[in-house]
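Peer 1:
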Amino acid sequence: MDPGHHHRIYEFLESKGLRKTSQRDAIIEAAFSTTEHYTADDLLLMAKKVDSSVSRATVYRTLPLLVESGMLREMDFGRDHKFYDPNYVDHPNHNHLICLDCAKILEFEDVHMDTLEICISKRMGFTPTGKVVRIEAHCDELRTAGVCKRRAVAAVA
Numbered sequence: 016m017d018p019g020h021h022h023r024i025y026e027f028l029e030s031k032g033l034r035k036t037s038q039r040d041a042i043i044e045a046a047f048s049t050t051e052h053y054t055a056d057d058l059l060l061m062a063k064k065v066d067s068s069v070s071r072a073t074v075y076r077t078l079p080l081l082v083e084s085g086m087l088r089e090m091d092f093g094r095d096h097k098f099y100d101p102n103y104v105d106h107p108n109h110n111h112l113i114c115l116d117c118a119k120i121l122e123f124e125d126v127h128m129d130t131l132e133i134c135i136s137k138r139m140g141f142t143p144t145g146k147v148v149r150i151e152a153h154c155d156e157l158r159t160a161g162v163c164k165r166r167a168v169a170a171v172a
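All the letters of the sequence shown, read from the start, carry residue numbers 16 to 172 under the numbering used here.
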């Protein structure tokens, strides 16, 4: 994790009157040690690898704080649970493609998406302040070859 990000999180927690604890440290380390999207339960498992004393309650209390700090983004991909994206600070304009075959979440950036957002908004008389693009798709490799490398990775994860 970038030391500047770590410092920013702890400044935010301190501004809320919260102290530094070993469980919070483990959760923060786990939350930003990956570029993959994860659920609260995924984060609990990752944090327990750092510190076995991490509790579910502490994860569920810490996640909203990380989101409020601006360091983590909560995403609704139309599933039964929220996903958390640790990549927004470094890549604020990325979008998501979700494989409907294996549920793998892929990120992409494209300057044309930003241009299209501005053009559509201006044509309709608005000034854009942000966007969320979520593309759901079936894997062409799986359809044509019967096998998908991402599916094998998702099954292992």
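For each residue, glycine too, the CB sits at the ideal point set by N, CA and C. Quick caveat, the model's predicted, so the values are computed rather than measured.
1. Expressed to the nearest angstrom, what Euclidean distance is found between the alpha-carbon atoms of ASP100 and THR159?
2. Do you know whose CA, among THR130, MET139, LEU112, lies nearest ARG149's CA?
3. Alpha carbon to alpha carbon, what distance is there between SER136 and ASN110?
4. Reducing DSSP to helix, strand and coil, say where ARG34 ends up.
5. For the 8 Å Cβ check, are there 3 or more pairs between the segment 75–83 and the segment 18–36?
6. Take ALA152 as the anchor and find which of ALA41, LEU115, ILE42 has the nearest alpha-carbon.
7. Within 10 angstroms of its Cβ, does ALA118 collect 16 or more other Cβ (buried), or is it exposed?
8. Taking the C-alpha atoms as reference points, what is the distance between LEU157 and ARG88?
9. Whole angstroms are fine: how far does the CA of GLY93 sit from the CA of SER68?
Peer 2: Once the coordinates are examined:
1. Using only the alpha carbons, I get a separation of about 31 Å.
2. Per the Cα distances, LEU112.
3. About 18 Å.
4. Correct three-state label for ARG34: coil.
5. Touching, per the Cβ criterion.
6. The residue with the shortest Cα to Cα distance from ALA152 is LEU115.
7. Exposed.
8. Near 30 Å, if we compare the C-alpha coordinates of ARG88 and LEU157.
9. Between SER68 and GLY93, the C-alpha separation is close to 32 Å.
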